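Those sequence lines, one after another, are chains E and V.
So that you can map any letter, position 445 of the first sequence is 445 in UniProt numbering, and since no number is skipped, the others follow by simple counting.
So that you can map any letter, position 208 of the second sequence is 208 in UniProt numbering, and since no number is skipped, the others follow by simple counting.
Glycine is no exception: its CB is placed at the ideal position from the N, C-alpha and C atoms.
Predicted model only: the values in this text are computed from it and were never measured.
One structure is given here, and the rest of the page talks about it.
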Amino acid sequence: MAMTAPAAALLSVRGVVKRFPGVTALQGVDFEVRAGEVHCLLGQNGAGKSTLIKVLSGAHRPDEGEIRWRGEVVSFGNPTAAMRSGVAAIYQELDLVAGLSVADNVFLGHELSTAGFSRRAEARRRTRALLDRLGHPDISPDRDVGRLSVAHQQVVSMARALSLDGQLLIMDEPSAVLDPDEVRVLFGIIRELTAQGVAVIYISHRLAEIREIGDRVTVLKDGRTVATGLPARETKTSELIGLMTGRVLDNVFPHRKPVDPAAPEVLVVRGLADGDRFAGVDLTVHAGEVVGLAGLVGSGRSEILETVYGARKAAEGTVEVDGRKLRRGSVGAAVRAGMGLCPEERKSQGLLLDQAVYRNITVSSMSAFARFGFLDDRAERARSTKLTEALDVRPAGVDRVVRGLSGGNQQKVVLARWLLRECRVLLLDEPTRGVDVGARSEIYELIRELADSGVAVVVVSSDVEEVLGLADRVLVVREGRVVHDGPADEIDESRVLDLVMEGHAA
Amino acid sequence: MSEDTAAVAAQQQGRPPVVRQSGISGLLGSAAGRNTGLVVALILLCIGGVVTAGDRFADVDNLLTILRLAAVIGVVSVGMTFVITGGGIDLSVGAIVALSSVWATTLATQGIANNSHWIVIVFTALVVGGVCGLVNGALIAYGRVVAFIATLASLAAARGLAEIISNRKTQIVNVPGFAAFFDASVLGVPVLVVIFAVVAAAGWVLLNRTTFGRRTFAVGGNPEAARLAGIDVRRHTVWLYTLLGLCCGLAAVMLIARTTTGSATHGGLYELDAIAAVVIGGTLLSGGRGTIAGTVFGVLIFTTLSNVFTLNNLSISAQAVAKGAIIVVAVLLQQRLARRSGA
Ligand SMILES: Nc1ncnc2c1ncn2[C@@H]1O[C@H](COP(=O)(O)OP(=O)(O)OP(=O)(O)O)[C@@H](O)[C@H]1O
Ligand SMILES: [Mg+2]
Numbered sequence: 001m002a003m004t005a006p007a008a009a010l011l012s013v014r015g016v017v018k019r020f021p022g023v024t025a026l027q028g029v030d031f032e033v034r035a036g037e038v039h040c041l042l043g044q045n046g047a048g049k050s051t052l053i054k055v056l057s058g059a060h061r062p063d064e065g066e067i068r069w070r071g072e073v074v075s076f077g078n079p080t081a082a083m084r085s086g087v088a089a090i091y092q093e094l095d096l097v098a099g100l101s102v103a104d105n106v107f108l109g110h111e112l113s114t115a116g117f118s119r120r121a122e123a124r125r126r127t128r129a130l131l132d133r134l135g136h137p138d139i140s141p142d143r144d145v146g147r148l149s150v151a152h153q154q155v156v157s158m159a160r161a162l163s164l165d166g167q168l169l170i171m172d173e174p175s176a177v178l179d180p181d182e183v184r185v186l187f188g189i190i191r192e193l194t195a196q197g198v199a200v201i202y203i204s205h206r207l208a209e210i211r212e213i214g215d216r217v218t219v220l221k222d223g224r225t226v227a228t229g230l231p232a233r234e235t236k237t238s239e240l241i242g243l244m245t246g247r248v249l250d251n252v253f254p255h256r257k258p259v260d261p262a263a264p265e266v267l268v269v270r271g272l273a274d275g276d277r278f279a280g281v282d283l284t285v286h287a288g289e290v291v292g293l294a295g296l297v298g299s300g301r302s303e304i305l306e307t308v309y310g311a312r313k314a315a316e317g318t319v320e321v322d323g324r325k326l327r328r329g330s331v332g333a334a335v336r337a338g339m340g341l342c343p344e345e346r347k348s349q350g351l352l353l354d355q356a357v358y359r360n361i362t363v364s365s366m367s368a369f370a371r372f373g374f375l376d377d378r379a380e381r382a383r384s385t386k387l388t389e390a391l392d393v394r395p396a397g398v399d400r401v402v403r404g405l406s407g408g409n410q411q412k413v414v415l416a417r418w419l420l421r422e423c424r425v426l427l428l429d430e431p432t433r434g435v436d437v438g439a440r441s442e443i444y445e446l447i448r449e450l451a452d453s454g455v456a457v458v459v460v461s462s463d464v465e466e467v468l469g470l471a472d473r474v475l476v477v478r479e480g481r482v483v484h485d486g487p488a489d490e491i492d493e494s495r496v497l498d499l500v501m502e503g504h505a506a
Numbered sequence: 001m002s003e004d005t006a007a008v009a010a011q012q013q014g015r016p017p018v019v020r021q022s023g024i025s026g027l028l029g030s031a032a033g034r035n036t037g038l039v040v041a042l043i044l045l046c047i048g049g050v051v052t053a054g055d056r057f058a059d060v061d062n063l064l065t066i067l068r069l070a071a072v073i074g075v076v077s078v079g080m081t082f083v084i085t086g087g088g089i090d091l092s093v094g095a096i097v098a099l100s101s102v103w104a105t106t107l108a109t110q111g112i113a114n115n116s117h118w119i120v121i122v123f124t125a126l127v128v129g130g131v132c133g134l135v136n137g138a139l140i141a142y143g144r145v146v147a148f149i150a151t152l153a154s155l156a157a158a159r160g161l162a163e164i165i166s167n168r169k170t171q172i173v174n175v176p177g178f179a180a181f182f183d184a185s186v187l188g189v190p191v192l193v194v195i196f197a198v199v200a201a202a203g204w205v206l207l208n209r210t211t212f213g214r215r216t217f218a219v220g221g222n223p224e225a226a227r228l229a230g231i232d233v234r235r236h237t238v239w240l241y242t243l244l245g246l247c248c249g250l251a252a253v254m255l256i257a258r259t260t261t262g263s264a265t266h267g268g269l270y271e272l273d274a275i276a277a278v279v280i281g282g283t284l285l286s287g288g289r290g291t292i293a294g295t296v297f298g299v300l301i302f303t304t305l306s307n308v309f310t311l312n313n314l315s316i317s318a319q320a321v322a323k324g325a326i327i328v329v330a331v332l333l334q335q336r337l338a339r340r341s342g343a
């Protein structure tokens, strides 16, 4: 990047501490961001990354420590104050207002106005320009944000952050819900901005992205800085993972056993169509097999899973489990047949945010813990504790309210629910979204164990590496059609990407 | 109260123990802390009663009167706690109480009950209440009518039907066995109060110890997640309203016993009293969080308040103003709490 002049520290953070009731999220963070650099934050789930950026952008107040912004000690009382000083943030958990239009959301808190009258046409025009720049002419500035997909909402929050013309742009896992080509557009914009001297703080669990876009890396562990200012490209992966987790990880994906060709077909889907997003989907999964569905966000993958599960009504086609045909559009029938779906959006579709972790985990298996309708709390806690330990949910403790967990840890809770339920067929939609490298390998291990015990598993993921590493067989979905179906070891990443993108402006 | 006992109490409440907080605000914010607030409010009211009305307040008969009055609305409020925790609302409870009371007393006055047991009155009221609740629930869950509108319609319809059946006359019940049973006392405690206690205890167990209760929290907290987790959200919603309807039927029986009448004007504004008691008790209006103990305290606070005002010859209007003030304070507290946990 543009680093000819000795770059001065735009932002410097010293000894920042942030306590929540019962947890100290940050216990002494130090780092510096220079103008024009992309500074990456790395750390396990719950390390404190999101909390740190909330402190920097005025959403949380630090309990101790000093933040210097362009050389002066500052204390932003709220995000608007930070925005005025040129700090814009895109949060991990989107913060848009459903019910307001896209344009209203983009300019929320810094509305364009003349003498108190809002200039709506101008706001719409500028929103249009920002969305175009982000490669999304398809999003209308007048749409209600609540009706957009998560990926599009993410684009809107990026537009919002860009609309501020700040000097520091903070992004918390922006790529988690984006497609590879959307990530490319995003990186293009980041490069433009840094060339103009804007600094970017970038958070991601994907090391490949950090190598591509990052300049320097700061690693957080348990709320502390363990290393700062590491060169993003040269630092070895093993060193980064070692700093983050404190251990060595040699194999992310578990060993695949060849699927027994005589294994019975557990899930058989024929000619499934919903009359809108997808059509003619055939899918067969044997006992013990993991089938991966690769495809772009919006290609219809999630809709296919939801329809198989009965959460959306099929227009055509049949779904059979163990040879028995399921009633269309009935989740109850699917559940009784032994099917489970770990949904794509953990917050809106998965979690009971105000309930304890163990209640979130056992909600789908309550009958296993009940006698005549009375629940055995102790057994529920014991089983949940085992699972949360296996998945390394932090902080530990199954009585915690889920809302207080970090994004990746919340994801593990949703996943634990379906690992606990003894399913015949498990449908997993983006099971590792936002989960750190270490925990991800634990999750793969557990999925593999389930498959080995005879469960039929279907995994949807935007991460092609994940699909190829985990699945026995890969299906590629494009625009609602299955365009490829074959063994995972006979296809490579670039071929899958080609298939996924074909016909797309890549 | 130490933090440990706070956590234990929170668990007995069946709420997920809130992550511990320190300081006064933490105590106020924790589940137990909020019940402490309710207990303190009740004690203050009692002190107020003793100071202003002296022995007329602190008299065993007066206290039993308070409890007898609290019992009827209390039974409705326990049912309402389930519906609100499950993400719903029911404005028709007062009208259902009226309809059940009228239907049951019509049977009694027409002499059918002369030849049969008085239990028929009880049975009829329960069936009428349960069916009304079932209709509400079906309209909301399967007809997809917004709960507010569906139960507003039931309110109008049920009260109108009650007026037609009773011909707008108050029907006096004179069934000896019925009166004897409900006017009796168990160890000095009136039967009505015993019924309330049993309903509250059963409600607590149902909400906090059973799969039914757990589903109620899930359905109210995030219906889409509950559905995808395999819970039949619509069927559960129907059950919740039916349960409340049954509570209304039972309340009608208790009201008939207390007043010896059935009338289309019974249960006036019960919807407001019940919702108010539930909300100041700490159940979240938006669903997903609910507490039976809080509701019981809410009912006791409102009934005691009325009693103290009446003893001091203050007008009904003054009572209404005081009730309004209490509701506002409670809701403000709730919002602060919601914001804190949502941060
Ligand atoms: N509002 C809150 N209330 C209580 N605890 C919280 C709250 N927000 C965060 N925490 C706790 O602070 C710690 C740090 O969380 P944070 O969200 O910053 O992690 P993260 O590094 O962003 O993780 P992830 O990679 O999973 O997003 C966690 O232990 C979390 O449980
Ligand atoms: Mg985070």
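What are the residues of the stretch 208 to 240 of chain V that lie near chain E, defined by any Cβ-Cβ distance shorter than 8 Å? ARG209, THR210, THR211, PHE212, ARG214, ARG215, PHE217, ALA218, GLY221, ASN222, GLU224, ALA225, ALA226, ARG227, LEU228, ALA229, GLY230, ILE231 and ASP232
Within 8 Å (strictly less), CB to CB, does residue 344 of chain V reach chain E? With chain V covering only 1 through 343, there is no way to say anything about residue 344 of chain V.
Supposed close pair E/ILE139, E/MET171 - CB separation, criterion 8 Å: For the purposes of this step, residue 139 of chain E is taken as the residue at position 139 of the first sequence. For the purposes of this step, residue 171 of chain E is taken as the residue at position 171 of the first sequence. In fact, because the Cβ distance is near 19 Å, the residues do not count as touching under 8 Å.
Does the beta-carbon of E/GLY404, which I'm using as the reference point, lie nearer than 7 Å to any heavy atom of ligand 2? Position 404 of the first sequence, counted from the start, is the residue given in the question as residue 404 of chain E. Not so, every heavy atom of ligand 2 lies at least 7 Å from the Cβ.
Interface partners of V/ARG289 on chain E, CB under 8 Å: Locating residue 289 of chain V in the second sequence gives position 289, counting from the first residue. Correct list: ASP354.
Any heavy atom of ligand 4 closer than 7 Å to the Cβ of E/ARG394? This structure lacks ligand 4; its bound ligands are ligand 1 and ligand 2.
Going by the CB atoms, is the gap between E/ALA416 and E/LEU391 shorter than 8 Å? As a position in the first sequence, residue 391 of chain E is number 391, starting the count at 1. As a position in the first sequence, residue 416 of chain E is number 416, starting the count at 1. In this structure, E/ALA416 lies closer than 8 Å to E/LEU391 by Cβ.
DSSP three-state assignment for V/ASP183, whether helix, strand or coil: One-based indexing of the second sequence puts residue 183 of chain V at position 183. V/ASP183: helix per DSSP, three-state reduction.
Less than 8 Å between the C-beta atoms of E/ASN45 and E/ASN409, yes or no? The residue you call residue 45 of chain E lines up with position 45 of the first sequence. The residue you call residue 409 of chain E lines up with position 409 of the first sequence. Contact flag set, yes.
Within the stretch 142 to 171 of chain E, note down every full beta strand (DSSP E) run reaching 3 residues or more, in order along the chain. none
Counting only C-beta atoms, is E/GLY350 closer than 8 Å to chain V at any point? Position 350 of the first sequence, counted from the start, is the residue given in the question as residue 350 of chain E. Output row for E/GLY350: interface = yes.
Buried versus exposed, by CB contacts within 10 Å (16 or more), E/ASP498: The sequence position of residue 498 of chain E within the first sequence is 498, counting from 1. Exposed, since its Cβ has fewer than 16 Cβ neighbours within 10 Å.
Quick check on E/ARG478 - is its C-beta less than 8 Å from some C-beta in chain V? Position 478 of the first sequence, counting from 1, holds the residue named residue 478 of chain E. It does not: the Cβ of E/ARG478 has no partner Cβ on chain V nearer than 8 Å.
Would you call V/ALA113 buried or exposed, if buried means 16 or more other Cβ atoms sit within 10 Å of its Cβ? Counting from one through the second sequence, the residue named residue 113 of chain V turns up at place 113. The predicted position of V/ALA113 is uncertain, since its pLDDT is 47 and thus under 50; no value can be drawn from it.
I need the DSSP call for E/ASP463, collapsed to helix, strand or coil. By one-based count along the first sequence, residue 463 of chain E stands at place 463. DSSP places E/ASP463 in coil when its eight states are reduced to three.
Cα-Cα, which of E/LEU42, E/GLY15, E/ARG400 and E/VAL500 is closest to residue 508 of chain E? Since the first residue shown for chain E is 1 and the last is 506, residue 508 of chain E is missing from the structure and cannot be characterised.
To the nearest angstrom, how far is the alpha carbon of E/THR24 from that of E/LYS257? Position 24 of the first sequence, counted from the first residue, corresponds to residue 24 of chain E. Position 257 of the first sequence, counted from the first residue, corresponds to residue 257 of chain E. Cα-Cα distance, rounded: 43 Å.
With a threshold of 7 Å, establish whether the CB of E/LYS49 neighbours any heavy atom of ligand 1. Numbered from 1 along the first sequence, position 49 holds the residue referred to as residue 49 of chain E. Result yes, Cβ under 7 Å from ligand 1.
Select from E/ARG270, E/ARG34, E/ARG400 and E/ASP436 the residue whose C-alpha is nearest the C-alpha of E/VAL482. As a working mapping, residue 482 of chain E is identified with position 482 in the first sequence. Minimum Cα distance to E/VAL482 is reached at E/ARG270.
Given that a residue counts as buried once 16 or more other Cβ atoms are within 10 Å of its Cβ, and exposed if not, what is E/ILE210? Residue numbering aside, residue 210 of chain E sits at position 210 when the first sequence is read from its first letter. So E/ILE210 ends up on the buried side.
Would you mind sorting E/ASP215 into buried or exposed? The rule is 16 or more other CB atoms within 10 Å of its CB. Here the question's residue 215 of chain E lines up with position 215 in the first sequence. By the neighbour-count rule (16 or more Cβ atoms within 10 Å), E/ASP215 is buried.
Indicate the three-state DSSP secondary structure (helix, strand or coil) for E/GLU344 in the structure shown. Walking along the first sequence from the start, residue 344 of chain E turns up at place 344. Of the three classes helix, strand and coil, the one that applies to E/GLU344 here is coil, per DSSP.
Pull up the distance between the alpha-carbon of V/SER92 and that of V/PHE309, whole angstroms please. Here residue 92 of chain V refers to the residue found at position 92 when the second sequence is read from its first residue. Here residue 309 of chain V refers to the residue found at position 309 when the second sequence is read from its first residue. Going from the Cα of V/SER92 to the Cα of V/PHE309 covers about 27 Å.
Cβ-heavy atom distance between E/GLN92 and ligand 2 below 7 Å? Residue mapping note: residue 92 of chain E aligns to position 92 of the first sequence, counting from 1. Yes, the beta carbon of E/GLN92 sits closer than 7 Å to at least one heavy atom of ligand 2.
Residue range of the alpha helix (DSSP H) that includes V/THR283: Walking along the second sequence from the start, residue 283 of chain V turns up at place 283. Looking at the DSSP string, V/THR283 is not in any alpha helix (DSSP H), and its letter there is neither H nor E.
Hey, would you say the C-beta of E/GLY407 is under 7 Å away from at least one heavy atom of ligand 2? The residue you call residue 407 of chain E lines up with position 407 of the first sequence. Yes, Cβ of E/GLY407 sits closer than 7 Å to a heavy atom of ligand 2.
Distance CB(E/GLY340)-CB(E/SER302) smaller than 8 Å: Taking the first residue of the first sequence as position 1, residue 340 of chain E is located at position 340. Taking the first residue of the first sequence as position 1, residue 302 of chain E is located at position 302. No.
Which of the three DSSP states is assigned to E/ILE201 in this structure? Within the first sequence, residue 201 of chain E is the residue found at index 201, counting from 1. Strand, per DSSP.
Return yes when the Cβ of E/VAL266 is within less than 8 Å of the Cβ of E/HIS286, no when it is not. As a first step, residue 286 of chain E is located in the first sequence; it is residue number 286 there, counting from the start. As a first step, residue 266 of chain E is located in the first sequence; it is residue number 266 there, counting from the start. Cβ atoms of E/HIS286 and E/VAL266: closer than 8 Å.
Bridge partner(s) assigned by DSSP for E/MET339: By one-based count along the first sequence, residue 339 of chain E stands at place 339. Answer is E/VAL425.
How about E/PRO431: is its C-beta nearer than 8 Å to some C-beta of chain V? As a working note, residue 431 of chain E is residue 431 in the first sequence. Not one chain V Cβ lies under 8 Å of E/PRO431.
Please name the residues in the stretch 328 to 352 of chain E whose beta-carbon is closer than 7 Å to at least one beta-carbon of chain V, in chain order. VAL331, GLY332, VAL335, LEU341, PRO343, SER348, GLN349, GLY350, LEU351 and LEU352
Using CA atoms only, rank isn't needed, just tell me which of E/GLN355, E/PHE278 and E/ARG70 is closest to residue 524 of chain E. The question about residue 524 of chain E has no answer, for chain E in this structure spans 1 to 506.
At which residue ranges does the stretch 83 to 120 of chain E contain complete beta strand (DSSP E) runs of 3 or more residues, listed in the order of the chain? 87 to 90
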